[in-house]
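Numbering (UniProt numbering), first residue to last: 1 to 122. Where a beta carbon is used, it is the ideal one built from N, C-alpha and C, also for glycine. Presented below is the structure to which this report refers.
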């Protein structure tokens, strides 16, 4: 049995990730161009059976450098701009006997004058 075959797309994906992480690490640590190119060339010539481990090592090195430089992203969940506040909780309607024990409809302000009797009517 030989090494399992890996689709070319997966190899391309791993190489792309590795190159991105090398570039990010080089930017954080301020590597000269020749050192960056040297690491890119080494990644390109990495054998397929160890490519994933090498790429993971570059990711871990990049993450440690980000932590040291204080560049680790923070994720906060915020309400979208202009979003309305959540509605107030709904008051439950009385059911059964409780609905008969509640006071009947209270007139709204301004309605009381409509039903008020005057001395002329009497």
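Among 41, 20, 51, 34, the one whose alpha carbon lies nearest that of residue 11: Indexing the chain shown from 1 puts residue 11 at position 11. Nearest option by C-alpha distance: 51.
Length of the line joining the Cα atoms of residue 28 and residue 71: Indexing the chain shown from 1 puts residue 28 at position 28. Indexing the chain shown from 1 puts residue 71 at position 71. If I take the Cα positions, the gap works out to 9 Å.
For residue 63, three-class secondary structure by DSSP: In the chain shown, residue 63 corresponds to position 63, counting from 1. DSSP places residue 63 in helix when its eight states are reduced to three.
Residue 14 (DSSP reduced to helix, strand or coil): Reading the chain shown from its first residue, position 14 is the one you call residue 14. Correct three-state label for residue 14: helix.
Three-way DSSP call (helix, strand, coil) for residue 90 in this model: The sequence position of residue 90 within the chain shown is 90, counting from 1. Coil at residue 90, not helix or strand.
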